[in-house]
Amino acid sequence: EDKVVQSPLSLVVHEGDTVTLNCSYEVTNFRSLLWYKQEKKAPTFLFMLTSSGIEKKSGRLSSILDKKELFSILNITATQTGDSAVYLCAVSSLVQGAQKLVFGQGTRLTINP
Amino acid sequence: GAVVSQHPSRVICKSGTSVKIECRSLDFQATTMFWYRQFPKQSLMLMATSNEGSKATYEQGVEKDKFLINHASLTLSTLTVTSAHPEDSSFYICSASTLAGGPTPYEQYFGPGTRLTVT
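Protein sequence lines correspond, in order, to chains B and D. Residue numbers for the first sequence follow our numbering, so the first one is 1 and each next one is one higher. Residue numbers for the second sequence follow our numbering, so the first one is 1001 and each next one is one higher.
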């Protein structure tokens, strides 16, 4: 059974700190790994990773994938209160021609001023 | 591009009634639409996958007679929760993807979600 596990489940830090969120997975027919940010509504897309070792970066956020160790991390530097959200990791596989996403439990990140 | 809408955004219904939720891809043709459910403080769980013009494929543990899915066109899928009960109260999110062409083949684009409360 496909599985995605995120850690920690919850994290509280002070504004300005750097955080690292973890995602490990066991999936057949792996296609890509995706990170989403979820505030009060549906998830918003952050990154899609398909190749090992290539860092994706967007402002203060960055992410990297290790396909050998089946692992990804999401880094946020110089955190701000607006970064408070649930961060979801999902792994995509192709099943009978359709992309299927399996989500992790999410990491609830709280940034205190 | 790649905008997906859901309607309604929020609905309250009485126990025993049915509720229909619409999911539309506004600027692309969605060959596949997905329906997820998210309970408070939990992650998204895939309920079913639907391809235009064919029957939906339901995940294990999801009752197909209770959660009726119709994907009659390339831009519209509906989820009907039949005989709703309080335990069906949840956040329902759809996503849409396309096999070929724009915006990006195979990627899923999420709707804003529908919060269902059954009293």
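Ideal Cβ positions, reconstructed from N, Cα and C, are used throughout, including at glycine.
Where residue i sits in the DSSP three-state scheme
i, result
"K1020(D)", "strand"
"E15(B)", "coil"
"E1059(D)", "coil"
"E1087(D)", "helix"
"K1014(D)", "coil"
"T20(B)", "strand"
"T1080(D)", "strand"
"S32(B)", "strand"
"Y1042(D)", "Per the sequence shown, the amino acid found at residue 1042(D) is Gln instead of Tyr. DSSP places Q1042(D) in coil when its eight states are reduced to three."
"V1003(D)", "coil"
Interface partners of residue i on chain D, CB under 8 Å
i, result
"K3(B)", "By Cβ distance, chain D contributes nothing, its closest Cβ being about 12 Å from K3(B), past 8 Å."
"L88(B)", "S1043 and L1044"
Cross-chain neighbours of residue i in chain B, by beta carbon under 8 Å
i, result
"P1112(D)", "K41 and A42"
Strand pairing of residue i, partner residues [DSSP]
i, result
"M1033(D)", "S1050(D) and A1096(D)"
"Q99(B)", "L94(B)"
"H1071(D)", "Looking at the DSSP assignment, H1071(D) forms no beta bridge with any residue, so it has no partner."
"A85(B)", "L109(B)"
"L61(B)", "S58(B) and I76(B)"
"E26(B)", "K3(B)"
"T1117(D)", "I1012(D)"
"K170(B)", "What is shown of chain B runs 1 to 113, which leaves residue 170(B) out entirely."
"F1028(D)", "Bridge partners of F1028(D): none, in fact."
Closer than 7 Å at the beta carbon, the chain D residues around residue i
i, result
"L46(B)", "The contacting residues do not exist; L46(B) stays about 12 Å from chain D at best."
"F30(B)", "Near F30(B) there are no residues of chain D at all, since even the closest Cβ is about 13 Å away, more than 7 Å."
"G106(B)", "S1043"
Partner residues on chain D for residue i, Cβ-Cβ distance less than 9 Å
i, result
"L101(B)", "F1034, Y1036, L1044, L1046, S1095 and Q1108"
Contacts of residue i in chain B (Cβ-Cβ under 7 Å)
i, result
"F1098(D)", "Per the sequence shown, residue 1098(D) should be read as Thr rather than Phe. The premise fails here: T1098(D) is roughly 10 Å from chain B at the closest Cβ pair, so nothing lies under 7 Å."
"T1117(D)", "Residues of chain B passing the Cβ test: none, with the nearest at roughly 15 Å."
Query raised in the report: At a cut of 8 Å, does the region 1012–1022 of chain D reach the region 1053–1066 of chain D through at least three beta carbon pairs?
Result: no
Query raised in the report: Would you call the region 1111–1119 of chain D and the region 60–78 of chain B touching, i.e. three or more CB-CB distances under 8 Å?
Result: no
Report task. Could you tell me whether the region 22–37 of chain B touches the region 1–13 of chain B, where touching means 3 or more Cβ pairs closer than 8 Å? Result -> yes
Query raised in the report: Does the region 1031–1047 of chain D come within contact of the region 1090–1100 of chain D, defined as at least 3 CB pairs closer than 8 Å?
Result: yes
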